[in-house]
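Enquirer: Questions regarding the structure given below will be posed in turn.
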Amino acid sequence: MHNDIDALYSNMWKDYVSITPSAHKIHALLVSEEDGEEIVNDHVAFRTFDLDKTSLDKLAAHFLNLGYEAKGDYNFEAKKLTAKHFEHPDDTKPKVFISELRVKELSDQAQNIIQKLVDQMDEDVVTADNFLYSGRHWDVSKQDYDTLLSESEYAAWLAAWGFRANHFTVSVNHLGQTNELAEVNSLLKDAGVVLNTSGGEIKGGESVYLAQSSTMADRAEVSFSDETVAIPSCFYEFAQRYKLPEGKLYQGFVAASADKIFESTNAKG
Ligand code: OOG
Ligand code: NI
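Residues in the sequence shown are numbered from 1391 upward in steps of one, following the working numbering.
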């Protein structure tokens, strides 16, 4: 496992932008690189199957090993997902949101496809240094992808893309030009970026101490075993946090908002 947080994030970012080219453009819109301004990441997110080999805990181990601590628990009934978030004692480090699909709640057909994928995976890959930016460890056909897609968009995305940051999240609180999410959204839309409007462009708000928005995922080519096709890859998220009554910024997530953020990897319109 990695023993250097910054190196891990740098590798995850490289992998993420390789299939999310719009992240570069968005970066340039939000910070002036000439001034040496940097984006602060609020969090990154990962997806997995709740099978023994690939469980949330296996991914989490990489972060616990780096000093992260488990904080919130979340349940997404309709999407059949369980999630946890992790924080580092050094609050300049991004938070981590990891979800897992409860495979047993899917149809027998979908379960069989997923089992067939995970069976191809060597047990040791989950503890390898590069696991969190290693992508897919199986061959998958476009037909199986489509079958999963008709039942669980999450399952299909994971079958196609594997283990990698599903999104990075800009901390709006740390931006130089504005600290208002609504203004960030306007800037993005003026530049032609397509935002996720499921549940409204801004999910949450001051009343739940967290406001979030996200782009609709880019598209990138996937080599399926039978054909190569462009499908939704990864997206970019924007988070504005508000102070709790005691004066500290809220650090958790909001299940009702997260439920809609998941839909950022749906096909656009
Ligand atoms: C995670 C969606 C939830 C958030 O910030 O609420 C989330 C995902 O799409 O995998 O990231
Ligand atoms: Ni997120």
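Think of the CB as a built atom: it goes at the ideal place given N, C-alpha and C, for glycine as much as any other residue.
Can you confirm whether G1637, when its beta carbon is compared against all beta carbons of chain B, has any partner nearer than 8 Å?
Expert: The structure shown has no chain B; it contains just one protein chain.
Enquirer: Mind checking whether L1585 and R1631 have CB atoms under 8 Å apart?
Expert: Contact flag unset, no.
Enquirer: Y1406 by DSSP, collapsed to three states: which one?
Expert: helix
Enquirer: Hey, which unbroken runs of the alpha helix (DSSP H) at 4 residues or more fall wholly within the segment 1540-1571?
Expert: 1543-1551
Enquirer: Using a 10 Å radius around the Cβ and a threshold of 16 neighbouring Cβ atoms, would you call N1556 buried or exposed?
Expert: Around the beta carbon of N1556, 16 or more other beta carbons sit within 10 angstroms, so the residue counts as buried.
Enquirer: Would you mind reading off the limits of the beta strand (DSSP E) that contains F1476?
Expert: L1471 to E1477
Enquirer: Report the option in G1525, F1643, E1513 and L1491 whose CA atom is closest to the CA atom of K1470.
Expert: L1491
Enquirer: Nearest CA to the CA of L1449: which residue from V1574, D1616 and F1476?
Expert: F1476
Enquirer: Can you list the residues near ligand 2, meaning Cβ strictly closer than 6 Å to any non-hydrogen atom, in the order they appear in the chain?
Expert: H1433, A1435, F1487, H1557, T1559, E1627 and I1651
Enquirer: Which two residues bound the contiguous beta strand (DSSP E) that contains F1466?
Expert: Annotation for F1466: the continuous beta strand (DSSP E) segment containing it runs E1459 to F1466.
Enquirer: Are the beta-carbon atoms belonging to S1604 and S1542 less than 8 Å from one another?
Expert: It is not a contact, given that the beta carbons lie outside the stated cut-off.
Enquirer: Where A1460 and A1620 are concerned, what is the direct C-alpha to C-alpha distance, given to the nearest angstrom?
Expert: 35 Å
Enquirer: Counting only runs of 4+ residues fully inside the segment 1399-1455, write out the alpha helix (DSSP H) ranges in chain order.
Expert: 1412-1420 and 1446-1454
Enquirer: Looking at C-alpha atoms only, which residue of G1642, F1643 and L1565 is the closest neighbour of G1426?
Expert: Nearest in C-alpha terms to G1426, of all of G1642, F1643 and L1565, is L1565.
Enquirer: Three or more C-beta pairs under 8 Å: does that hold for the segment 1509-1521 against the segment 1436-1447?
Expert: yes
Enquirer: Just reading off the beta strand (DSSP E) that S1489 is part of, what are its end residues?
Expert: K1485 to L1491
Enquirer: Short of 8 Å in beta carbon distance, which residues of its chain neighbour V1508, apart from the five on each side in sequence? Order them along the chain.
Expert: Excluding its 5 nearest sequence neighbours in each direction, V1508 has C-beta neighbours in its own chain below 8 Å: F1439, L1441, K1443, T1444 and W1528, listed in chain order.
Enquirer: Does DSSP put I1621 in a helix, a strand or coil?
Expert: I1621 falls in the strand class under three-state DSSP.
Enquirer: Please indicate yes or no: does the CB of R1369 lie closer than 7 Å to some heavy atom of ligand 1?
Expert: This structure cannot settle anything about residue 1369, because the visible part of the chain is limited to 1391 through 1659.
Enquirer: Apart from the five residues on each side of it in sequence, which residues of its chain come closer than 7 Å, Cβ to Cβ, to G1594?
Expert: L1600, A1601, Q1602, V1644 and S1647
Enquirer: Can you name the residues that DSSP bridges to K1633?
Expert: L1639
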